[in-house]
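Enquirer: One structure coming up, written as C-alpha cells, with questions to follow.
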Amino acid sequence: MARLWLLAILLLGCTANAAEAVRYCDHPVYPPISWSDGKHMRGIAPRVVQAVFASLGLDAEMVVLGNWKRCLLDAAEGRVDAVLAYRTPEREQYLAFAQVPVLREEVTVFYNRRHPLQVERIQDLTRYRGGLLFGESYGEAFDEAVARAGNIEWVSDSKQNFGKLIRGRIDFIAHERRTGLLYVEYLQGGGDIRALPLALAVDHLRLAVSRRSPLAARMAEIDRELQRLTDSGEIERWLGESEATYRDMIVQPEPRE
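Per mature numbering (1 follows the signal peptide of the UniProt record, and there is no 0), the sequence shown runs over residues -18 to -1, 1 to 239.
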C-alpha cells in the first residue's frame, strides 16, 4: 500500500510539473536573436523567455516549427503560449503584447553590390524582386506596398533568402539590420551584400502571449520582470554575449553527435 501511495504522489507531481510548462515558439534563423546550432536553440530570445517565465515559477519548452508563419498560427489557436514578435494591429487580435520591449530593431534593405538599387523611398522597391520570410511584417507602409506590387518571393529561412540574393535571383531582402549584417559576415558570397541607409521601419521586439493562454492574465508580472532585466542591464549584456557566441560557433563549429 505504501508503494502505491508513493507512486500516486510521484504521478501527481509529474502532472503538476507538466502543467507548469510554457510552450514558446520560435523560428531560429535570426542570430543573435535566435538561431540553432543543429542541436539547441540559442540566442537572446530564448534566454530572455526562460528568465521571464522562471521568475513566474514556470518552465519554458522551446518549440521550433517549419517557418515563422506556423508559429503565429499556432499562437493564434492557442497551441503555443508565447512568441517574440513585432506588435501589429492584426497580431493584437490574438496576442497580448508586453508593454516593455525586449529589443529595438531597425528594418532595412539588403542588396547585392553587383546589382545596385536606385531606392530613396519604400515605393521604389516595387520595381525590383524582393525576398521575404513567411509570416514576416516590416511595417504597414512596406507591407501594403509589396502586397499591391506582388513582387515578393516567400521562403522559409534566411539562408535560402540570402543565397538567392547572392546568386542574383532576387534584388533585395527586407531584414533587421543587426541580424542581417551579422548573418552575412561568414556567409559564402556575403562580401557582396550591402545594406541601404533606408530604414523601412523602426520597431521593438516584444514578448507576446496567446490570448487563449492562461498566461494572458499575467502580463503585468511579465512586464515587471522585463523591466527589471532591462534596468539591470542584463538584456544588453546577453545581446553582446549572443553575438560573441554566434561568431565563435561559425569560426569553430561544435562537433555534431
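From the three backbone atoms N, C-alpha and C, an ideal C-beta is built for every residue, glycine too.
1. Looking only at its own chain, which residues have a Cβ that is under 7 Å from the Cβ of N94, when we skip the five neighbours before and after it?
2. Quick one: Cα of L154 to Cα of Y68, how far?
3. Given this structure, state the Cα-to-Cα distance separating F180 from S224, to the nearest angstrom.
4. How many Å lie between W134 and V45 at the Cα?
5. Do you know offhand how far Q32's Cα is from V184's?
6. In this structure, how does DSSP classify V166 when only helix, strand and coil are distinguished?
7. Just tell me which of I152, D139 and E207 has its CA closest to the CA of R96.
8. Name the one or two DSSP bridge partners that E43 has.
9. Buried or exposed: where does L38 fall if 16 or more other Cβ atoms within 10 Å of its Cβ makes it buried?
10. Where Q105 and T90 are concerned, what is the direct C-alpha to C-alpha distance, given to the nearest angstrom?
11. Terminal residues of the continuous alpha helix (DSSP H) containing A64?
12. Quickly, what does DSSP pair E135 with across the bridge? List them, please.
Expert: If we stick to the structure as given:
1. L147, I148, G150, D174 and I175
2. The question names Leu, but residue 154 in the sequence shown is Phe. Rounded to whole angstroms, F154 to Y68 spans 21 Å at the Cα level.
3. One point to set straight first is that residue 180 is Leu, not Phe, in the sequence displayed. About 26 Å.
4. The residue you asked about is not Trp; residue 134 is Ile in the sequence shown. Their backbone Cα atoms lie some 28 Å apart in a straight line.
5. 26 Å
6. helix
7. I152
8. R5
9. exposed
10. 14 Å
11. Careful: A64 lies outside any alpha helix (DSSP H), inside the beta strand (DSSP E) at A64 to Y68.
12. G113
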